[in-house]
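Residue numbers (UniProt numbering): 1 to 689.
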């Protein structure tokens, strides 16, 4: 027997899923922040025991983690230096000189990961075509190496002006550094982010260098730990763009892992949508630390090539460190089960982004946490069974939860612990709903006709209320929802995206130059994919990022996955006008279009998906108990029936209010909603007219 094992490390829980031809088993254990591999190995032991499998039965391990993201946010990465073109050492601090809040006189800007003392200028210069204007000063590199060694620098980023066009000076500098300092890790902007715009390119390269020693060390410890546990199979890593890659590539470009966990959740939702034939869905993933919202159309999550990390302005675009990497586009907010509730100076309830995490965790964990979190509020409202939380692996304690809510929220507002909990849950639900609204508006889309696919430990708990707030009438909770991101890893293709800049205008489009670039990018992506595809057939996608001349931002347009011909040029221009009109209502007549960058993705073919079969109605099971729940919509307390999900037969129908309980989560069915088990074992919730 062979099996695939997926592991997703979150800020609070580590989720695992193992799958064979006979079935799927899941587990959820607390994350161990000091040494994440310990939580992984404990989870592996638990899930293999559930599945009655031996370590040698596992043929493949797929892993995603928030470790790289947390290192940047918490500023716990390596001491990093930047070698850059003379005169450009302050690019990281200047950014693009925009202000994310125009009217805040005391605006706080994100601090660069590299202090100015370690941003080291080098005499060299290329022009915008890659021609060498000033040769590289090799002696300066040698002096800087000696200085960095004296300063205790642990990683080096190299980013020169126009290095994305011609990497010769970056490569020469790296050779000198390696010759004098073989053990240091070096990141080149021409490899990490070979695109124009110095700030984004340098920021991404620095972030890659900043997390590389940490990630390389962790991945090595994990690989050794898995082998010692008897898992001698390949280990693949989930990328932020939704594909899988080898351990070697992940260790070289760890910055591409920053959104690996949430990306798995989006892949999971897309797979479920395809099974159910739902062409327009909203993926809603609420875990222990954050909530993630992603729009999925035609079974494909929205993609982007920009991402911000460590925002200093909450929800404020432009207030974080920019990363230029392929990423699934989503909104991520600090609204998870561990998000801490408080009352601000204006007497308003606030939730997050600070999280209690796994250690000490919310007050109800009984591990020393004293601040109230969302999980404490849910428990106080009767929405959780304290004995069955996280599959019974973690017993919850109601009294510390009530005490924390009363002290930090109720006492400030003159409310009981129960009403304080109600306010906390309404606030977190509104925060998530507002994030979904903003994401849809920024994408030029709406919620009409969409279905929410809710997963993560908290998604099914909060899903129906979020749906009510944004006007969605249908909610789907797949099986294994509590560990949805880990299951998504099992559905992801082996894939890799290469992005490079080549400036082109349609009026002077050089078909030969573009074809040469795309062919080289295709070969590079194919080489990376071949490391883990084991000869499986692949598919290729090509995209050009273009804009009207003089504009500041690009729109992605799909290109044919073949050599272009002169006849393709006007057709591609027409596609751009159509896509631009979707965002901005009408094209700009008489304006030429410029292409800034190209992207090529090579991926293994997705497994065929069998559509869900219709099933006849079946009787509802008997409730396993009743429990008092305070309805967050009305504030009233009444007895809700609790049903065991495993006891529901396909076709069984329930009417809210009720709770459907399972090992890793619970699905709340509000008043006015029905819940039916479909042929795939998914819970299909519909709001009655």
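Where a beta carbon is used, it is the ideal one built from N, C-alpha and C, also for glycine.
Taking only runs of the beta strand (DSSP E) that begin and end inside the UniProt domain "Acetophenone carboxylase-like C-terminal" (543-681), which ones reach a length of at least 3 residues, in chain order? 555-559, 593-604, 625-630, 637-644, 653-655, 658-661, 666-669, 673-677
Exposed unless 16 or more other CB atoms sit within 10 angstroms - verdict on residue 36: buried
Test item: CB-CB of residue 11 and residue 456 under 9 angstroms: no
Helix, strand or coil for residue 371 per DSSP? coil
Can you list, in chain order, the stretches of the alpha helix (DSSP H) that have 4 or more residues and sit fully within the stretch 125-180? 138-151, 168-180
Secondary structure at residue 107, three-state DSSP: helix, strand or coil? coil
How would you label residue 346, buried or exposed, when you count the other beta carbons within 10 angstroms and need 16 or more for buried? exposed
Whole-angstrom Cβ separation of residue 319 and residue 100, contact assumed at under 8 angstroms? 4 angstroms
Beta-bridge partners of residue 237, as assigned by DSSP: 63, 245
Would you identify the three-state DSSP class for residue 123, choosing helix, strand or coil? coil
Give the secondary structure of residue 330 by DSSP, where H, G and I count as helix, E and B as strand, and everything else as coil. coil
Give the DSSP-derived three-state secondary structure of residue 484 in the structure shown. helix
Is there contact between the stretch 416-429 and the stretch 306-317, where contact requires at least three CB pairs shorter than 8 angstroms? no
Member of 659, 53, 34 whose CA lies at the smallest distance from the CA of residue 23: 53
Going by DSSP, which residues form a beta bridge with residue 292? 285, 332
Euclidean distance between Cα positions of residue 601 and residue 588: 30 angstroms
By the DSSP assignment, the beta strand (DSSP E) with residue 478 in it spans what residues? First-last for residue 478: undefined, no H or E at that position.
How about residue 121 and residue 203: do their beta carbons lie closer than 9 angstroms? no
Spatial distance of residue 696 from residue 426 (CA atoms): As displayed, the chain neither begins before 1 nor continues past 689, which places residue 696 out of reach and without an answer.
Taking the straight line between their C-alpha atoms, what separation do you get for residue 568 and residue 245? 32 angstroms
Residue from 482, 252, 306, 435 with nearest C-alpha to residue 29: 482
How is the alpha helix (DSSP H) around residue 417 delimited, first residue to last? 417-442
DSSP state of residue 79 mapped onto helix, strand, coil: coil
For the putative contact between residue 184 and residue 77, defined by C-beta atoms under 8 angstroms, what is the C-beta separation to the nearest angstrom? Contact doesn't hold; Cβ gap of about 14 angstroms is too wide.
Have a look at 452, 524, 75 and flag the residue whose alpha-carbon is nearest the alpha-carbon of residue 310. 75
Measure the Cβ-Cβ separation of residue 510 and residue 465 and say whether it is below 9 angstroms. no
With C-beta atoms as the reference, is residue 557 less than 9 angstroms away from residue 576? yes
Could you name the residues of the same chain whose beta carbon sits closer than 8 angstroms to that of residue 445, not counting the 5 residues immediately before and after it, in chain order? 295, 297
6 angstroms Cβ shell around residue 71 - same chain, five flanking residues per side excluded: 77, 211, 214
Of the residues 608, 223, 367, 91, which one's Cα is nearest the Cα of residue 199? 91
Would you grab the beta carbon distance between residue 68 and residue 255 for me? Rounded to a whole angstrom, and I think it's under 8 angstroms. 7 angstroms
Buried or exposed (CB count within 10 angstroms, at least 16 for buried), residue 394: buried
Express the C-alpha separation of residue 33 and residue 261 in angstroms, rounding to a whole number. 16 angstroms
Over what stretch of residues does the alpha helix (DSSP H) that includes residue 204 continue unbroken? 198-228
Cβ separation of residue 668 and residue 383, assumed to be a contact under 8 angstroms, to the nearest whole Å: 6 angstroms
Among 50, 147, 228, whose alpha-carbon lies nearest the alpha-carbon of residue 41? 228
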